[in-house]
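**Student:** Protein chains in written order, with the numbering used here: chain A, 34 to 347; chain B, 34 to 347. Structure incoming, see below.
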């Protein structure tokens with residue numbers, strides 16, 4: 034008799050699901066839509082129905098299923114309570130208990146960014162390490178801290194909220210969180226693009242980036258120009274590296290990880306990102322943290338289902 | 034039969050020792066000199082002899098002693114290995130094992146600042162909390178992070194090294210660590226005094242602080258002038274609060290504690306310190322961390338022996 038577990042990653046538009054064996058192999062993955070209307074009331078019943086259908090389809094007995102792990106966007110404490118996950122329409126309730134009741138299976142829950150970090154530790158870029166910081170560079174900047182192989186959830190579920198490290202006293206624009214000068218305002222895809230546009234408008238230096246209509250410019254275009262050694266793009270990469278390297282140096286003074294994993298859409302630019310981050314990390318890091326490793330995330334959009342499964346298997 | 038444990042706090046000039054009952058009451062404390070010559074070879078034998086003598090004096094049986102906890106200045110990993118504690122003359126070795134061999138009793142070891150944080154959590158300013166950050170404002174700035182009631186040692190023993198958070202890109206002077214712009218350069222007793230002297234030299238504003246020969250000025254003088262509402266001292270208090278409040282906001286984005294405890298010699302200035310730190314903390318903190326509490330340390334120089342004892346009792 035095999036033993037299995039399910040990993041669930043709840044996003045704003047789709048829910049990703051995966052079924053794993055106990056060795057951590059992903060046997061199958063699929064998606065269902067996230068129905069956020071009516072306060073997101075259908076989300077958990079939909080997840081439950083999808084898992085029960087998959088168990089039937091694969092002829093799994095209930096006792097063969099170790100449990101279900103779930104990651105969701107919002108602060109989630111160590112008891113599995115989620116607080117005001119506004120973009121799912123959810124208020125505050127025990128995500129762990131509600132899903133447990135629906136499935137009659139053991140459930141563990143965690144914040145999606147933290148759960149992704151756990152996934153990258155388990156089967157991704159940080160495999161073999163137990164003290165890991167994941168930096169997710171997407172539309173915003175998320176993060177997760179793993180210590181001794183376990184998520185650091187934080188006392189109000191805000192552990193690893195590194196996108197909101199304060200980096201710049203001079204910033205006049207507000208971050209989505211309401212503060213000014215957050216890391217996310219510079220190194221997210223959106224933030225990096227804003228820096229690029231501001232620079233293109235502020236200086237007259239020739240740049241291959243000027244060939245693209247500013248409205249169509251993407252963070253990928255800028256990183257492609259960095260690889261082609263466009264001088265203006267190179268100066269943007271230095272700024273990016275300085276913001277993120279300095280932020281990682283400060284994170285290291287607090288939790289002193291073995292390895293930083295860089296993920297999210299922006300990380301598709303590849304190892305060149307690591308070079309720029311590490312250059313400034315080494316400059317700003319406290320001496321005994323200077324040896325921390327940097328690597329790219331490896332699981333892409335599957336990090337969430339891997340980490341969710343690991344919540345149950347650990 | 035009672036049960037007891039010993040807490041040991043190794044400093045550069047004296048070793049503090051305490052004997053506790055299992056309820057955490059300090060029954061007696063005493064000190065012995067720290068003999069750092071010859072690579073600090075005598076330190077552990079001296080500690081061992083002092084503990085064994087105390088056991089004899091108090092007629093304690095070996096089986097009545099739960100064990101000995103020890104805090105020392107230097108990076109110490111979760112296995113009790115200390116790395117290059119230069120100010121004790123020590124290299125790298127297993128502090129835990131060496132003392133265990135000398136005493137034939139269970140031993141646990143931790144970094145002194147982290148151990149002090151554990152003490153403040155257990156019987157000091159953060160009693161009743163389990164997720165705590167201690168900020169120690171002395172000649173330098175130390176710190177310790179406690180999560181779920183346990184020390185975060187960090188992968189190379191640099192967990193909670195918050196004195197070396199990078200705060201200022203414009204700094205031209207070097208910190209003791211070799212970097213420029215570390216938190217310690219502004220909010221330690223030394224750093225705050227330097228800011229005061231620089232300000233007194235840079236502006237002509239009248240201030241009660243000018244009555245003291247700059248060479249004799251102390252951080253206490255400045256805080257006394259803040260309490261007397263001296264305008265120049267008030268502006269220094271704002272700078273202090275901004276540096277430390279911002280640093281705590283960034284720490285909160287990483288580990289999201291319930292409470293910050295402010296200790297060390299500078300904290301004798303009292304609650305006025307908290308007011309200035311909290312003002313800026315609330316400005317810079319991520320919204321879901323904004324409710325973190327701030328309090329003064331309560332155990333003074335005994336935090337180390339309390340925390341060391343707790344290493345064994347936990």
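Cβ atoms here follow ideal geometry from the backbone N, Cα and C, with glycine treated the same way. Nothing here was measured: the structure is a model prediction, and the numbers come from that model.
1) Output the distance between the C-alpha atoms of residue 293/A and residue 167/A, rounded to the nearest integer angstrom.
2) Within the same chain, show all residues whose beta-carbon is closer than 8 angstroms to that of residue 72/A, passing over the 5 residues directly before and after it, in chain order.
3) Hey, is the region 226 to 244 of chain A in contact with the region 184 to 193 of chain A, meaning 3+ C-beta pairs nearer than 8 angstroms?
4) Report the neighbours of residue 193/B on chain A: residues whose CB is nearer than 9 angstroms to its CB, in chain order.
5) Rounded to a whole number of angstroms, what is the C-alpha to C-alpha distance between residue 251/B and residue 277/B?
6) Output the boundary residues of the alpha helix (DSSP H) element that contains residue 75/B.
7) Can you check whether the C-beta of residue 317/A is within less than 7 angstroms of a C-beta belonging to chain B?
8) If you compare alpha carbons, which of 191/B, 279/B and 225/B is closest to residue 316/B?
9) Are the C-beta atoms of residue 120/A and some chain B residue less than 7 angstroms apart?
10) Does chain A have any CB closer than 7 angstroms to the CB of residue 171/B?
11) Using a cut-off of 8 angstroms between C-beta atoms, extract the partners of residue 189/A located in chain B.
12) Run through chain C and tell me which residues come within less than 7 angstroms of residue 178/A, C-beta to C-beta.
13) Check whether the region 303 to 318 of chain A touches the region 262 to 275 of chain A, counting contact only when three or more Cβ pairs, one atom from each stretch, lie closer than 8 angstroms.
14) At 4 residues or longer, what runs of the alpha helix (DSSP H) sit wholly inside the region 259 to 329 of chain A?
15) In whole angstroms, what is the alpha-carbon distance linking residue 344/A and residue 46/B?
16) Any C-beta of chain B sitting closer than 7 angstroms to the C-beta of residue 183/A?
17) Going by other Cβ atoms of all chains shown within 10 Å of its Cβ, with 16 needed for buried, is residue 303/B buried or exposed?
18) For residue 101/A and residue 140/A, which I take to be in contact (beta-carbon distance under 8 angstroms), what is that distance rounded to the nearest angstrom?
19) What does residue 126/A pair with, by DSSP beta-bridge criteria?
20) Would you give the residue range spanned by the alpha helix (DSSP H) that residue 217/A belongs to?
21) Show which residues of chain B have a CB atom less than 8 angstroms away from the CB atom of residue 282/A.
22) For residue 103/B, write down the residues that DSSP places opposite it in a beta bridge.
23) For residue 67/B and residue 76/B, what's the separation of their Cα atoms in angstroms?
24) When you compare the CB positions of residue 152/A and residue 176/A, do they come within less than 7 angstroms of one another, or not?
25) Would you report the Cα separation of residue 264/A and residue 232/A, rounded to the nearest angstrom?
26) Taking only beta carbons into account, state which residues of the region 100 to 113 of chain A come closer than 9 angstroms to chain B, listed in chain order.
27) For residue 279/A, go through chain B and note every residue whose CB falls closer than 7 angstroms to its CB, in chain order.
28) Within 7 angstroms of any Cβ in chain A, is that where the Cβ of residue 164/B sits?
29) If we ignore side chains and look at the alpha-carbon of each, how far apart do residue 347/B and residue 155/B end up?
30) Residue 258/B and residue 103/B: beta carbons closer than 7 angstroms?
31) Would residue 205/B be called buried (16 or more neighbouring beta carbons within 10 Å of its own) or exposed?
32) Looking only at its own chain, which residues have a Cβ that is under 7 angstroms from the Cβ of residue 53/A, when we skip the five neighbours before and after it?
33) Can you find the residues in the same chain that come closer than 6 angstroms, C-beta to C-beta, to residue 182/B, ignoring five residues on each side of it along the sequence?
34) Taking all protein chains shown into account, do 16 or more other C-beta atoms lie within 10 angstroms of the C-beta of residue 115/B, making it buried, or fewer, making it exposed?
35) Please report the residue range of the beta strand (DSSP E) in which residue 170/B lies.
36) Rounded to the nearest angstrom, how far is the Cβ of residue 287/B from that of residue 165/A, given a contact under 8 angstroms?
**Tutor:** Well, looking at it:
1) 6 angstroms
2) Cβ within range, chain order: 122, 123 and 124.
3) no
4) What residue 193/B touches in chain A: 286, 287, 288 and 289.
5) 19 angstroms
6) Careful: residue 75/B lies outside any alpha helix (DSSP H) and carries neither H nor E.
7) yes
8) The shortest Cα separation from residue 316/B among 191/B, 279/B and 225/B belongs to 279/B.
9) no
10) no
11) 289, 321, 322 and 324, listed in chain order.
12) Among the protein chains in the structure shown, which are A and B, there is no chain C.
13) The region 303 to 318 of chain A is in contact with the region 262 to 275 of chain A.
14) 264 to 288 and 304 to 317
15) 47 angstroms
16) When Cβ-Cβ separations below 7 angstroms define contact, residue 183/A makes no contact with chain B.
17) exposed
18) Correct: roughly 5 angstroms between the Cβ atoms.
19) For residue 126/A, the beta-bridge partners assigned by DSSP are 115/A.
20) 217 to 220
21) Correct list: 199.
22) 41/B and 142/B
23) A straight-line Cα-Cα distance of about 6 angstroms links residue 67/B and residue 76/B.
24) no
25) 12 angstroms
26) Going along the region 100 to 113 of chain A in chain order, one finds 108 and 111 with a Cβ nearer than 9 angstroms to chain B.
27) 199
28) yes
29) 10 angstroms
30) No, the Cβ-Cβ distance between residue 258/B and residue 103/B is not below 7 angstroms.
31) exposed
32) 37, 38, 40, 59, 60 and 342
33) 163
34) buried
35) 165 to 170
36) Residue 287/B to residue 165/A, Cβ: 13 angstroms. No contact.
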